[in-house]
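Scroll down for the structure; my scribbles are underneath it.
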Amino acid sequence: MNKKALIAVICAVAAIAAVILIITLPGDKKPYETTGFAMGSAVTVKLYDSEEAAADTAGSILDSIKELDSMISDTLPGSYVSRLNSASVGIQASESFMDLMDRCRVDSVITNGAFDATVGTLSALWANARETGIVPDEKAVAEALGVVGWQQLQIDRDRKLVMKGEGQLIDFGAAGKGAACDAAYDVLRSGSVSAVVTVGGSALVYGNPAKGSFWTIGVRDPDGSENDLKCTLKIKPGENSSAAFISTSGDYERYFESDGKRYHHIIDPVTGYPSDSGLRSVTVVSYVSGFDSDALATAFFVMGEQKALPIAEALGVDVLFIRSDGSVSATEGLEFDPGSRQ
Ligand code: AMP
Ligand code: MG
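If you read the sequence shown in the numbering used here, its first letter stands for residue 1, the second for the next number, and so on.
Written out as structure tokens, the structure is:
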């Protein structure tokens, strides 16, 4: 398969899974490629290694993502999140689940609550509204909003307990796909094989691109269809980790319209309504953490460009904003080519 055809295949996967990132390939070497399903999304793994070794590594990557999903899914009945959501206050949990809940707390602190994993009651309310097409009344929004608050999350390491506020529902939707990229990185980091892993709107590029010095990532045009790109990013893996984690949040992923107004799936935990911060999409590139790239993309979308920029700078992540007027801006470290439509 030539390079153009491979990109077309990636686009086809993108169309099925509403993936918002399209990755071009490092050079002409044909990668080993496999697809799975976890986190409610297609997972694609591409490895630049011999067929036998790659099949093994890809299997381990998919297994570790599924293991993560079995902890944080809110639809699988036995997951920690499902059990926590049905519990009145707390459950006993493993070290790795406590670590994930800890990351949620940390990212809520960093973003001043714009990322808040306790938004579950609101996500459920707005997911239902997407199905019915009816905007929930103010009382229902206020009720769902009433229990939201990351400050009530508690992790008791000694007693191995994770606790939430009464009535709260935990939702990993804003960080889980990025966390899945971390799981993939944990499998890859002991070896020297170049790889691309995508999980919905999050991606990991690992190792060195065989041709040129950067990976090319497409960012979707919010006004276009799945395969229309607004611009392409040139990503160099981080110096210490050999990895870059990329996540995009956009108002075109899941939404409905009522009276000419768009109600999308990214909720402002202050108002309880879909955020309205003058942005159509936010792409975050972290060189250390997939969880952070995903959580921050959601949080930056909620808080808007001006509040996001100092946080991005302090954390050393790069960001690309697509504004409501269609203009594009990015942090200094991020190279991008505008206007590259496919
Ligand atoms: P993403 O596409 O990564 O921006 O994640 C959006 C999903 O995360 C939504 O479908 C909700 O399940 C959940 N979510 C929405 N708003 C927030 C928020 N402010 N903080 C944390 N999770 C959120
Ligand atoms: Mg996110």
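Ideal placement from N, C-alpha and C gives every residue a C-beta, glycine not left out.
If you keep only unbroken beta strand (DSSP E) runs of at least 3 residues inside the segment 23-83, you get 32-38 and 41-47. Boundaries of the alpha helix (DSSP H) harbouring residue 176: 176-188, taken from the DSSP string. Of 114, 129, 156 and 163, the smallest CA-CA separation from residue 83 is found for 163. When secondary structure is reduced to three states using DSSP, residue 158 falls in the coil class, being assigned neither helix nor strand.
Using a C-beta cut-off of 8 Å, the segment 279-289 makes contact with the segment 238-248, since at least three inter-stretch Cβ pairs fall below that distance.
For residue 212, the three-state secondary structure derived from DSSP is coil. In terms of Cβ geometry, residue 198 and residue 165 do not form a close pair [threshold 8 Å]. The three-state secondary structure of residue 168, taken from DSSP, is coil. Annotation: residue 258 to residue 216 spans about 37 Å, alpha carbon to alpha carbon.
Under a 10 Å Cβ-count criterion, residue 77 is classified as exposed, with fewer than 16 other Cβ atoms of the shown protein chains found around its own Cβ.
Of all alpha-carbon atoms in 38, 54 and 42, the one lying nearest the alpha-carbon of residue 30 is that of 54. Cβ neighbours of residue 157 within its own chain (closer than 7 Å, five residues either side excluded): 98. At the C-beta level, residue 169 and residue 124 come within 8 Å of one another. If the five residues before and after residue 328 are omitted, its C-beta is found closer than 8 Å to the C-beta atoms of 230, 231, 320, 321, 322, 336 and 338, all from its own chain and listed in chain order. Residue 62 is positioned such that its CB atom lies no closer than 8 Å to that of residue 81. Distances between the C-beta of residue 249 and the heavy atoms of ligand 2 include at least one below 7 Å. When the beta-carbon positions are compared, residue 305 and residue 279 come within less than 8 Å of each other. Contact between residue 107 and residue 292 holds: their C-beta atoms lie close to 7 Å from each other, under 8 Å. CA-to-CA, the gap between residue 180 and residue 65 works out to about 5 Å. For residue 277 and residue 325, the gap between their C-alpha atoms comes out near 12 Å.
In the DSSP assignment, residue 257 is bridged to 262.
Sixteen is the threshold: since fewer than 16 other Cβ atoms of the shown chains lie within 10 Å of the Cβ of residue 37, the residue is exposed. Here the distance from the Cβ of residue 171 to the nearest heavy atom of ligand 2 is not below 7 Å. The Cβ neighbour count for residue 310, taken over all protein chains shown within 10 Å, is under 16; the residue is labelled exposed.
Here the alpha carbons of residue 133 and residue 160 stand approximately 42 Å from one another.
Residue 188 holds the alpha-carbon nearest to the alpha-carbon of residue 60 among 143, 150, 188 and 85. Ligand 1 approaches residue 123 closely enough that one of its heavy atoms is under 7 Å from the residue's Cβ. Within the DSSP bridge table, the entry for residue 198 names 44 and 203 as partners.
In the structure shown, residue 302 falls within a helical segment according to DSSP collapsed to helix, strand and coil. DSSP places residue 331 outside both helix and strand once states are collapsed to three, so it counts as coil. Judged by DSSP secondary structure, residue 318 falls within the beta strand (DSSP E) whose first and last residues are 318-323.
In the assembly as shown, residue 43 is a buried residue. Its beta-carbon has 16 or more other beta-carbons within 10 Å.
For residue 255 and residue 135, the gap between their C-alpha atoms comes out near 11 Å.
For residue 121, the closest C-alpha among the options 183, 273 and 330 is that of 273. For residue 110, the enclosing alpha helix (DSSP H) stretches over residues 95-110.
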